[in-house]
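So the structure is just underneath, and the comments pick up after that.
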Amino acid sequence: MAEPLYRLAPDLRWAVEPTGLILFDLRTDRTWRLDYPHAALWDLLSRGYRSDRLERSLGAIAGLEVRATRRLLRETLDTWCAEGLILKEGSDG
Amino acid sequence: MPVADRWLLYAPLHRVAAVVNRAALAHLVSAAAPLSGNECAGWWRLLAEYPADLPARRTGPPDPQFLGLITTRACNLSCRYCGFGAQQHPSPAMPLATAVAAVDWMANHATRVGRPTLDIHFFGGEPMMAPEVVEVAVHRARALAAERRLTARFEIATNGVCGPRLADFLGTYMDRVVLSLDGPRDIHDRHRPRDPHRGSFAAVSRTAQRLREAECALCLRACVTADTAPRLAQIARWLCDRYRPAAIDFEPLQPTAPAGDADLAPPDPYVFATSFLEAQRVAADHGVRCVYSAALLAEPRLSFCPVGNDTLIVAPDGSIRGCYLREREWQARGLDLRLGWVGADGTLTLEPSAIERLRGSAVAQPRCARCFCRWSCAGGCHVNRAAPEAAVGGDSFCIQTRLISAAQLLDQLGQTGIAKQLLGDRAAARALAVRPADRLRDWSAVAGSMANG
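Which chain is which? The protein sequence lines are F and G, in order. FYI, in our numbering the residues of the first sequence are 1 to 93. FYI, in our numbering the residues of the second sequence are 1 to 453.
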């Protein structure tokens, strides 16, 4: 089954910090702190990479096997979707 | 060294430079201490002491200052002077596992030796032709640095033809971006086309503009030819005004077969030296540092480059070497700069005998023993300067390096007038440029006549 694509919520801005990054929601003034490996995933998503690229890069960055990488990716994207940080947009396939 | 009607005295290991008159020089040559109360007495005492921080050959386990990753040898430009042949010989990207293993080794090393920073440099080909390798290495290093309380620092040498998203990635995550930009469109597109019908200036300029607004330090690197050397001051002003870089690096063209075919010649060393110094003053007026890599006078060094400094440069195939150049280039000079390899299982192996061999090569530069630049240029590139034609003292490299070094010292001493006078007089410049020996003791033969003069 084709994987959905994601885009970042339009009102979000972020700043890179030594240990990760901080997200700001311009609309609600909420902030989120992302540590590694989630900070890396955010950066990769921000350049619009597809799921196979996200999975490969994230696995190498986090030092995880394929199955663990997929789980981390799915759980993180689901959480960010639920929080309104990213929006689902069509499919990869 | 004689400069105008004075002498430039330089003791690089003591960090002392002075412009002295004939009487002071005669005094020094005769090894007599100046009279008490003489204004020379302070530095005379200093010079009599053994230098505190004499650069020495490294010993003990390998201790690289930084890790170099050649992410790919591929390139998306067809620079007319390029001897790498990247487009003719397509190269795969470094496997992600190799990059990760190398970064892990460097992070472990930094932790083990108590180094506060984790320094990684990216090279090519064009390193951003393998963006995934750069992204993974950067994020892996940042993740490990965060975990171990290290400061991750990144530097990349790029041609800048990578698109806005990757340019923003560089601006965000790199501490220093060395961007090749040879000058305005007419120069840059002549030197660095994408293909025979299309220049790269527009794309590189867009990247430079984005990097100008980013937090990274932007260093613009320009290759200088015989045609562009007389325009360096104008080029420096244009680069400063348009891109506000942190630094500009002017390097003379290395003669290559493709450069010859394209009718591009290295600059005359006297013209390059004179123009570089004018450009350096223009850049200084804009608050921009302008450098020529063989004339960096701030810190004495034994080696011009990573060779001999234990730096680990990992090639796309996982081989580890002390040099960015292709293996065939060292082999053509009879050099072996391999240090080890990254295995398929992710282990990094270094050969102790290879480390020692490279450490030894960084020390022995007998041709430079009597040159005042020996601790700053340190003999130049180990590969290019190993060529039979790289004669002692009289070649273009030595001429421009000696002239620029001497003039920079004069500038720092507030003697810009003497520096200009020196470079404006070809006979005087030549006399300084090709002097076979600069050591004070080499003046002993003339000491008597000077003292009596």
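Just so it is clear, CB atoms sit at the ideal spot from N, CA and C, and this is done for glycine as well. Given the structure is predicted, the values throughout are model-derived calculations rather than measurements.
So is residue i buried or exposed if we call it buried at 16+ other beta carbons inside 10 Å?
{"i": "residue 54 of chain G", "result": "exposed"}
{"i": "residue 42 of chain G", "result": "exposed"}
{"i": "residue 164 of chain G", "result": "exposed"}
{"i": "residue 358 of chain G", "result": "buried"}
{"i": "residue 331 of chain G", "result": "exposed"}
{"i": "residue 66 of chain F", "result": "exposed"}
{"i": "residue 113 of chain G", "result": "exposed"}
{"i": "residue 10 of chain G", "result": "buried"}
{"i": "residue 69 of chain F", "result": "buried"}
{"i": "residue 471 of chain G", "result": "With chain G covering 1 to 453 only, the question about residue 471 of chain G has no answer from this structure."}
{"i": "residue 173 of chain G", "result": "buried"}
{"i": "residue 50 of chain G", "result": "exposed"}
{"i": "residue 55 of chain F", "result": "buried"}
{"i": "residue 1 of chain F", "result": "Legend: pLDDT at residue 1 of chain F = 47, less than 50; position of this residue unreliable, value from coordinates given subsequently. Classification for residue 1 of chain F: exposed."}
{"i": "residue 21 of chain G", "result": "exposed"}
{"i": "residue 426 of chain G", "result": "exposed"}
{"i": "residue 119 of chain G", "result": "buried"}
{"i": "residue 343 of chain G", "result": "exposed"}
What's the gap between the Cα of residue i and the Cα of residue j?
{"i": "residue 302 of chain G", "j": "residue 13 of chain G", "result": "12 Å"}
{"i": "residue 267 of chain G", "j": "residue 253 of chain G", "result": "7 Å"}
{"i": "residue 108 of chain G", "j": "residue 117 of chain G", "result": "11 Å"}
{"i": "residue 197 of chain G", "j": "residue 77 of chain F", "result": "44 Å"}
{"i": "residue 421 of chain G", "j": "residue 407 of chain G", "result": "10 Å"}
{"i": "residue 452 of chain G", "j": "residue 435 of chain G", "result": "Note that residue 452 of chain G scores a pLDDT of 47, beneath 50, so its modelled location is shaky and nothing firm can be said."}
{"i": "residue 94 of chain G", "j": "residue 6 of chain G", "result": "55 Å"}
{"i": "residue 24 of chain F", "j": "residue 353 of chain G", "result": "53 Å"}
{"i": "residue 295 of chain G", "j": "residue 45 of chain F", "result": "44 Å"}
{"i": "residue 205 of chain G", "j": "residue 350 of chain G", "result": "40 Å"}
{"i": "residue 16 of chain G", "j": "residue 369 of chain G", "result": "19 Å"}
{"i": "residue 8 of chain F", "j": "residue 212 of chain G", "result": "25 Å"}
{"i": "residue 46 of chain G", "j": "residue 25 of chain G", "result": "16 Å"}
{"i": "residue 404 of chain G", "j": "residue 429 of chain G", "result": "10 Å"}
{"i": "residue 171 of chain G", "j": "residue 243 of chain G", "result": "14 Å"}
{"i": "residue 250 of chain G", "j": "residue 80 of chain F", "result": "47 Å"}
{"i": "residue 320 of chain G", "j": "residue 69 of chain G", "result": "9 Å"}
{"i": "residue 121 of chain G", "j": "residue 23 of chain G", "result": "50 Å"}
{"i": "residue 261 of chain G", "j": "residue 202 of chain G", "result": "25 Å"}
{"i": "residue 385 of chain G", "j": "residue 322 of chain G", "result": "16 Å"}
{"i": "residue 314 of chain G", "j": "residue 442 of chain G", "result": "44 Å"}
From the beta carbon of residue i, is the nearest beta carbon of chain G less than 8 Å away?
{"i": "residue 40 of chain F", "result": "yes"}
{"i": "residue 60 of chain F", "result": "yes"}
{"i": "residue 86 of chain F", "result": "no"}
{"i": "residue 57 of chain F", "result": "yes"}
{"i": "residue 70 of chain F", "result": "no"}
{"i": "residue 67 of chain F", "result": "no"}
{"i": "residue 50 of chain F", "result": "no"}
{"i": "residue 47 of chain F", "result": "yes"}
{"i": "residue 53 of chain F", "result": "yes"}
{"i": "residue 1 of chain F", "result": "Interpretation of residue 1 of chain F is limited by its pLDDT of 47, a score under 50 that renders its predicted location unreliable; no figure is taken from the coordinates."}
{"i": "residue 93 of chain F", "result": "Only weak support exists for where residue 93 of chain F lies, its pLDDT of 46 falling under 50; the coordinates are left without a value."}
Using a beta-carbon distance below 8 Å, is residue i in contact with chain F?
{"i": "residue 146 of chain G", "result": "yes"}
{"i": "residue 435 of chain G", "result": "no"}
{"i": "residue 96 of chain G", "result": "yes"}
{"i": "residue 447 of chain G", "result": "Low local confidence applies: a pLDDT of 49 at residue 447 of chain G is under 50, so the model's placement there is unreliable, with the coordinate-based value given in what follows. Not closer than 8 Å to any Cβ of chain F, the Cβ of residue 447 of chain G fails to qualify, so no."}
{"i": "residue 271 of chain G", "result": "no"}
{"i": "residue 100 of chain G", "result": "yes"}
Taking the beta strand (DSSP E) that residue i falls in, what are its first and last residues?
{"i": "residue 20 of chain F", "result": "20-25"}
{"i": "residue 7 of chain G", "result": "6-11"}
{"i": "residue 157 of chain G", "result": "151-158"}
{"i": "residue 32 of chain F", "result": "31-35"}
Since residue i is in the alpha helix (DSSP H), which residue starts that stretch and which ends it?
{"i": "residue 39 of chain F", "result": "38-46"}
{"i": "residue 43 of chain G", "result": "41-48"}
{"i": "residue 207 of chain G", "result": "201-212"}
{"i": "residue 75 of chain G", "result": "Careful: residue 75 of chain G lies outside any alpha helix (DSSP H) and carries neither H nor E."}
{"i": "residue 161 of chain G", "result": "That residue, residue 161 of chain G, is in no alpha helix (DSSP H); it is neither H nor E in DSSP."}
{"i": "residue 289 of chain G", "result": "Premise fails: residue 289 of chain G lies in the beta strand (DSSP E), 289-291, not in any alpha helix (DSSP H)."}
{"i": "residue 224 of chain G", "result": "It is not in any alpha helix (DSSP H) - residue 224 of chain G instead sits in the beta strand (DSSP E) that spans 217-224."}
| field | Contact residues within the segment 152-186 of chain G, judged by C-beta distance below 9 Å to chain F | value | If the cut-off is 9 Å between Cβ atoms, the segment 152-186 of chain G has 152, 165, 166, 168, 169, 172 and 173 near chain F.
| Name the residues in the segment 13-45 of chain F whose C-beta lies less than 8 Å from a C-beta of chain G; which are they? | Against chain G - using a Cβ distance shorter than 8 Å - the residues of the segment 13-45 of chain F are 16, 18, 19, 20, 35, 36, 37, 39, 40, 43 and 44.
| message | What are the residues in the segment 131-144 of chain G lying within 7 Å of chain F by C-beta distance? | response | Cβ contacts with chain F: 132, 135, 136, 139, 140, 142 and 143.
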